[in-house]
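Here's the structure we're looking at; comments come further down.
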Amino acid sequence: GDSADKHMKELKALKAAHDRHAGEVSQLKAGQESHASLPERINYLEQLLGDSADKHAQELQELKEAHAKMASAHGKHAKDLEGLKALHAHHATMGERIDYL
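Residues in the sequence shown are numbered consecutively from 1, following the working numbering.
Spelled out as structure tokens, the structure:
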């Protein structure tokens, strides 16, 4: 009687708990399938960092080339300015021209 009913209730409660647990495990497994594995995550990060480093190295090289080009142009302008100063030093003023005539 009572012992069998009590045993049956405990068995039903145990089966219900087992079913809930099986459902939770199933949900966890489904969630894990949608996540990338650790090696996949590491490969992604390494690729991302590598691409970023390559991009920065290229940009640095372009900046160095632009700087060299600008330094070369600056040198040419400085040389032209010195040439103009030298010409100006040999150029007579208006008063000197009148005196010469």
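Ideal Cβ positions, reconstructed from N, Cα and C, are used throughout, including at glycine.
Please report how far the alpha carbon of ASP2 lies from the alpha carbon of GLN32, in whole angstroms. Translated into the one-based positions of the sequence shown, residue 2 becomes position 2. Translated into the one-based positions of the sequence shown, residue 32 becomes position 32. So the alpha carbons of these two residues sit roughly 45 Å apart.
Would you identify the three-state DSSP class for SER37, choosing helix, strand or coil? Numbered from its first residue, the sequence shown carries residue 37 at position 37. If DSSP states are grouped into helix, strand and coil, SER37 belongs with coil.
So the alpha helix (DSSP H) GLY1 belongs to, where does it begin and stop? For the purposes of this step, residue 1 is taken as the residue at position 1 of the sequence shown. GLY1 -> no alpha helix (DSSP H), and no H or E assigned at all.
If you draw a straight line from the alpha carbon of GLN27 to that of SER52, how long is it in whole angstroms? Here residue 27 is taken as the residue at index 27 of the sequence shown, counted from 1. Here residue 52 is taken as the residue at index 52 of the sequence shown, counted from 1. Roughly 37 Å between the two C-alpha positions.
So, helix, strand or coil for HIS91, using DSSP? In the sequence shown, the residue the question calls residue 91 occupies position 91. Reduced to three states, the DSSP call for HIS91 is coil.
Cα-Cα separation, GLN47 to LYS69: Counted from its first residue, the sequence shown places residue 47 at position 47. Counted from its first residue, the sequence shown places residue 69 at position 69. Cα to Cα, GLN47 sits roughly 33 Å from LYS69.
Where LEU101 sits in the DSSP three-state scheme: Mapped onto the sequence shown, residue 101 falls at position 101. Looking at LEU101 - three-state DSSP - the assignment turns out to be coil, as it is neither helix nor strand.
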